[in-house]
Amino acid sequence: MRNFRFLQPDSVSTVLKAKEEERENGRILAGGTNLLSYIKMGRVKEGLLIDITRLDELKQIEDTENEVSFGASLTITELLNSSVVQNRLSYLHDTLTHFANPLIRNQATLGGNIADGSPIADTIPILLVLDATVTAASSKSERIIPLKEFFVGPGKTVLAADELLVKVSVPVHESSGVKMIKLGLRNGTACSVTSAAVRVEQDNKKLREIRIALGGVAPTPIRAYNCENALLDGLFDIEAAAGAELEALQQDINPISDVRGTAEYRRGVSVNLVKRALRSAAGMEV
Amino acid sequence: MEKQNFNIIGTRADGCDEKDKVLGNVVYAEDYIMPDTLYCKVFRSAKASAMIKKLNIDKAKALDGVSCVLTHEDVPNNESAKNVVGQTTEVGLLEAKQRILATDRVRYYGEPIVVVAAETPELARDALELIEIEYEELPGVFDPEEAMKPDAPKIHGDNNVIANWALRKGDVEKAFAESDVVVEAEYRTPRQEHAHMEPESGLAWVDDMGVINIRYSTQVVEHYRDVAAVLGIPESRVRTIGTIIGGGFGGKEDLTVEVFLALCSWNTKRPVKMAFSREEMGFGRQKRHPYVLRYKTGATKDGKLTAMQAELISDSGAYVMLSPWVLLYSTVHSTGPYFIPNVKVDAYSVLTNNIMTSAFRGFGGMQVAFAYESQMDALAIKLNMDPVELRKKNFFKRGDETANFQSIPSEVMLDEAVEKAVEALGPKSEPSGKNMRVGRGFACSWQSYGRMTYLHDTASSWVGLEMDGSAVVRCGIPDLGGGQRESIRAIAAELLGIPLDEVHVISTDSQVTPLAGTVTATRALFMSGNATKLAAENVREVILEKAADMLETAAEDLDIENKMVYSSRQTDKKVELVKVIRRCAAEGISIQSLDTYKAAFTDEIKTNVIKDPVYNDWTFGTQAVEVEVDTETGKVNVLKHVSVQDVGRAINIKRTEGQMEGGAAQGLGFALMEDYLEVDGVPITWNLTEYLVPTSKDIPDSNSIILESRSGKGPFGAKGIGEPSITAAAPAVANAIRDAVGIKVLHLPATPERVFWELQKKHQS
Ligand SMILES: Cc1cc2nc3c(=O)[nH]c(=O)nc-3n(C[C@H](O)[C@H](O)[C@H](O)COP(=O)(O)OP(=O)(O)OC[C@H]3O[C@@H](n4cnc5c(N)ncnc54)[C@H](O)[C@@H]3O)c2cc1C
Chain Z
1 MRNFRFLQPD SVSTVLKAKE EERENGRILA GGTNLLSYIK MGRVKEGLLI DITRLDELKQ
61 IEDTENEVSF GASLTITELL NSSVVQNRLS YLHDTLTHFA NPLIRNQATL GGNIADGSPI
121 ADTIPILLVL DATVTAASSK SERIIPLKEF FVGPGKTVLA ADELLVKVSV PVHESSGVKM
181 IKLGLRNGTA CSVTSAAVRV EQDNKKLREI RIALGGVAPT PIRAYNCENA LLDGLFDIEA
241 AAGAELEALQ QDINPISDVR GTAEYRRGVS VNLVKRALRS AAGMEV
Chain C
287 MEKQNFNIIG TRADGCDEKD KVLGNVVYAE DYIMPDTLYC KVFRSAKASA MIKKLNIDKA
347 KALDGVSCVL THEDVPNNES AKNVVGQTTE VGLLEAKQRI LATDRVRYYG EPIVVVAAET
407 PELARDALEL IEIEYEELPG VFDPEEAMKP DAPKIHGDNN VIANWALRKG DVEKAFAESD
467 VVVEAEYRTP RQEHAHMEPE SGLAWVDDMG VINIRYSTQV VEHYRDVAAV LGIPESRVRT
527 IGTIIGGGFG GKEDLTVEVF LALCSWNTKR PVKMAFSREE MGFGRQKRHP YVLRYKTGAT
587 KDGKLTAMQA ELISDSGAYV MLSPWVLLYS TVHSTGPYFI PNVKVDAYSV LTNNIMTSAF
647 RGFGGMQVAF AYESQMDALA IKLNMDPVEL RKKNFFKRGD ETANFQSIPS EVMLDEAVEK
707 AVEALGPKSE PSGKNMRVGR GFACSWQSYG RMTYLHDTAS SWVGLEMDGS AVVRCGIPDL
767 GGGQRESIRA IAAELLGIPL DEVHVISTDS QVTPLAGTVT ATRALFMSGN ATKLAAENVR
827 EVILEKAADM LETAAEDLDI ENKMVYSSRQ TDKKVELVKV IRRCAAEGIS IQSLDTYKAA
887 FTDEIKTNVI KDPVYNDWTF GTQAVEVEVD TETGKVNVLK HVSVQDVGRA INIKRTEGQM
947 EGGAAQGLGF ALMEDYLEVD GVPITWNLTE YLVPTSKDIP DSNSIILESR SGKGPFGAKG
1007 IGEPSITAAA PAVANAIRDA VGIKVLHLPA TPERVFWELQ KKHQS
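From first to last, the protein sequence lines stand for chains Z and C. In this text, residue positions in the first sequence follow my numbering: the first is 1, and each later residue adds one. In this text, residue positions in the second sequence follow my numbering: the first is 287, and each later residue adds one.
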């Protein structure tokens, strides 16, 4: 038996009030590309569906000097079409072109991708290397959470039962090179087996700052701190970094075997993805 | 005199439904609805091998809005009546027949146990959730080679091997000993899912004369016989009506929704509707047989094949379905399109607790093609010989004898095909990155068209002219999406000299259209095309004779074009078709004809060793690809694809290309990504998120080159193309990967992970 109710609120505050009352039972319905499949599979059988797709408040893009902020209900297509994304965050644009397919991109939201808490959500690794933050709101307060502290486990985030993810803020790193690579088992509409994003700041061919993040190699999307530190500690020049064996990466990742690949494959291939992303971010031959 | 000048045949004429398909206007089986319709759903096994200890349907029955809840006890004849679906000729009996609803034991995950019908689909789903079941698990067997062992758990009876075929020609031992080179390898192929866009679906109702009508998406109109047998009612009281089909590929050849629909509408006397969900298409229906193939092939140093030995083992799943026939097909085709003097093949189909396997485009031809064409490239490498040259030395020629001692009755245009395919790849592409490698490969194939000749296949068609010179064709051949209906329309229009849009084809209604058999086995054009040609020629002859009378000339000199009967010798001698028709009507001469085409008939095969002809004829072709292998991830991208096929005669160019492109795409999926995976019989790729078929981004624009030998047994020399279009794609990809990075591809699909590990192995050695 299914038992759903439906709410189409006219403001964010109505959403937050409903969340306060319903808590876990109040299910945010954004694009529904995940939620509807959970319902179809019988994983979710009841509750109040709160449709947030028509709220303009959650569809704003704020473009400031150091940071761009995106409302949680913006769809992937809307991000792809945004001139801010195209011009100031072209690497994010590049990443999003590999997201699902046009039909899903028209539906899927940025907030839904993050709040879903999937270890293979495709916007996360690049947002992690960009040091993105998310804003969570409840009827009582609002807080800013660094994305790297947002994920707890598969499908689990730090969002409280009465909170809504309202905004994603992305610092603009004018002088960084950024690249994300997604490995799927086919070219169109594929879940990632593993994905890797790298951001590098270089100074005269010397590596000054590096961020590495991966999807699909641990219970949550991760930053590869060991690997980042190993590269920086070595005071590598950029060429050496690109050629390094990246052994430290193996301490950062903890992949499982599943239908899309074995843990061993993920261990092997994620090194290569990081290297390739690094070469690309550093402007070297790919 | 057979008509020679064509206005419609061999053109790119549009059919009546193409545009509507693109626009979404075509009415498919699931779109039909009647007042008071009930919705039907099936409760399926959640165990791969178990006894049913307890089954309680009381709560489901008690739910408001549920009209019927049926178990095996409600099915008059619970075992599917025949081994060969939709076939009027009964052939050899086998155990392991499919049960309509499980009795006390389930043998695969997804086996139907209970069927319910309710006022809404949601209520039907809720009713399924109220069914209580307790299982006692039985040891299962999931690997066919394990299942062949004497102490393996038995699926049915006392032997899991349900079919065994063999070829024996010459002396392979001696020939291998005398060969200059011998290559040997073991190959594995995946369990491919048909993944047609349209799910199995239909609507059934009992009419005011007590006849069960079933309007549904099927490749086999004659399933009404199976439905009648299950219900224990006369065949004349079950009527099947076909619809335009949104893909089948063999998936709608066995029984699908028709028996469930019939049971529920018979019990409730209300219209009942059902459509498989995408997940149910995964775990509730048959797939392509996974094979293990062990091949040994020998040749002389100048590249003449000397001997081939093979062992083929197919996983038939828990019920027999069409496994023995698929295996027979593999066995005969296992040599490839090559003359080999010494052949020894042993083939087995083995029951397991995996999902059932049955018909799928290629019907056992694809698995062996992967092996025999990989062997050919392995030989070429060992002989240091151009793989094109090696093949050219060994291709069958017309009249050559196959390893089942059957002579090739038509042209073999493989020399041209392979040359054109390789040439059409054009200049080699540059790799897209420093760790990318580009390679090329090709493969040749043969596929029979038409059913096995001992099935005594026939097809009937009726053609009649109207008073205004338009025409109606009645022929019971469902249009599977390949334009089967359009082809017979073109044939009738061409022979009667009338425009395409003045011919209407009624294509599938078992009580209205003469039976024309299944849309399977690449037989539709061959059989229904020939039947329609016979009937149309009969009508044409009547018209020409009457016109000859009227024009005072010889009928042989006359032809019809644009509804005008004219003499090819004397331009002034002509008369409007309509006038001839009126004269016929006035004189009581029938301008309608029902005729039946018979394929070649042979005796039933009585021994495991196949020593007699089994097929009508073959289609030969080549596919070539260029691939790029990402050496860092193992991912393979197909950059270019060419298919060259001798189709005998293309009745419609566009639709022939459509088959060639579609077959190639499905073949590339088989090569690179498609595999229905199970862990101990429990599926793990039962939806399209995990079961991957190629998208438009995975398939390059395909170059389809049509050859026309006009030597086939179909109408006007046509051969078949539906199945042959798929066969050579996978070995072409495997050979191209080897060319790119020097690894052997022995296990399909060549997923990134498999290629990655082969690359690591090569790196280390
Ligand atoms: C065919 C297909 C292909 C796909 N391909 C990809 C792919 O390539 N890459 C990829 O990353 N994903 C992919 N996905 C998954 C999915 O589309 C994405 O994760 C998408 O971004 C989810 O967004 P949504 O708006 O549809 O979320 P929904 O399904 O509406 O919501 C997902 C979850 O997040 C919660 N939620 C949504 N918004 C908020 C919010 N503002 N605050 C709090 N909670 C919220 C919902 O309650 C729900 O639990 C695919 C899905 C499908 C069906």
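C-beta atoms are modelled at their ideal positions from N, C-alpha and C, and glycine is treated no differently.
Would you say residue i and residue j are within 7 Å of each other, going by their C-beta atoms?
i: SER503/C; j: THR529/C; result: yes
i: GLY651/C; j: PHE462/C; result: no
i: LEU751/C; j: ILE877/C; result: yes
i: GLN909/C; j: ALA1015/C; result: yes
i: ARG935/C; j: ALA1004/C; result: yes
i: GLY1000/C; j: VAL979/C; result: no
i: SER288/Z; j: THR133/Z; result: Lying outside 1 to 286, the shown extent of chain Z, residue 288/Z is not represented and no answer is given.
i: LYS167/Z; j: SER69/Z; result: yes
i: LYS17/Z; j: ASP162/Z; result: no
i: THR839/C; j: SER853/C; result: yes
i: LYS926/C; j: ASN187/Z; result: no
i: VAL1031/C; j: ALA1022/C; result: no
Between the Cα of residue i and the Cα atoms of the options, which residue gives the shortest distance?
i: GLY71/Z; options: ILE50/Z, PRO9/Z, ALA30/Z; result: ALA30/Z
i: GLY32/Z; options: LEU16/Z, GLU21/Z, ASP94/Z, ASP51/Z; result: ASP51/Z
i: TRP611/C; options: LYS587/C, ARG737/C, LEU954/C; result: ARG737/C
i: PRO154/Z; options: VAL198/Z, ILE120/Z, ASP56/Z; result: ILE120/Z
i: GLU508/C; options: GLN384/C, ILE1007/C, CYS761/C; result: CYS761/C
i: GLU422/C; options: ALA336/C, VAL361/C, VAL402/C; result: ALA336/C
i: TYR977/C; options: GLN478/C, ARG826/C, SER718/C, SER854/C; result: GLN478/C
i: ILE253/Z; options: ILE238/Z, GLU228/Z, ALA240/Z, VAL259/Z; result: GLU228/Z
i: ASN226/Z; options: PRO219/Z, ILE212/Z, ASP237/Z; result: ILE212/Z
i: ASN272/Z; options: GLY261/Z, VAL259/Z, VAL286/Z, THR262/Z; result: VAL286/Z
i: TYR473/C; options: THR357/C, VAL402/C, GLN653/C; result: GLN653/C
i: ILE210/Z; options: ARG279/Z, VAL259/Z, GLU67/Z; result: ARG279/Z
Helix, strand or coil for residue i? Go by DSSP, reduced to three states.
i: TRP972/C; result: coil
i: GLY568/C; result: helix
i: LYS182/Z; result: strand
i: VAL371/C; result: Note that VAL371/C scores a pLDDT of 45, beneath 50, so its modelled location is shaky and nothing firm can be said.
i: ALA936/C; result: coil
i: ASN680/C; result: coil
i: VAL377/C; result: Reliability of the predicted coordinates at VAL377/C is poor, the pLDDT of 46 falling under 50, and no value is obtained from them.
i: MET753/C; result: coil
i: ASP765/C; result: coil
i: ASN3/Z; result: strand
i: LEU830/C; result: helix
i: PHE812/C; result: helix
i: PHE728/C; result: strand
Where do the ends of the beta strand (DSSP E) carrying residue i lie?
i: GLY268/Z; result: Taken as a continuous stretch (DSSP letters only), GLY268/Z belongs to no beta strand (DSSP E), being part of the alpha helix (DSSP H) at 263 to 281.
i: GLN202/Z; result: 192 to 203
i: SER879/C; result: 878 to 884
i: GLY603/C; result: 591 to 603
i: ARG580/C; result: 577 to 585
How would you write the range of the alpha helix (DSSP H) that residue i sits in, first residue to last?
i: TYR91/Z; result: 90 to 96
i: THR554/C; result: 544 to 554
i: THR873/C; result: The sequence given here has Glu at residue 873/C, not Thr. Where GLU873/C is concerned, the enclosing alpha helix (DSSP H) stretches over 863 to 873.
i: THR504/C; result: First-last for THR504/C: undefined, no H or E at that position.
Secondary structure, beta strand (DSSP E): runs of 3+ residues fully inside the region 968 to 1038 of chain C:
Entirely contained in the region 968 to 1038 of chain C, the beta strand (DSSP E) runs reaching 3 residues are, in chain order, 988 to 993.
Threshold first: 3 residues or longer. Then list the beta strand (DSSP E) segments lying entirely within the region 891 to 933 of chain C, N to C.
If we require 3 residues or more, the beta strand (DSSP E) runs fully inside the region 891 to 933 of chain C come out as 903 to 916, 922 to 932.
In chain order, each beta strand (DSSP E) run of at least 3 residues that lies wholly inside the region 33 to 114 of chain Z
Taking only runs of at least 3 residues, the beta strand (DSSP E) segments lying wholly in the region 33 to 114 of chain Z are 46 to 51, 61 to 63, 67 to 71.
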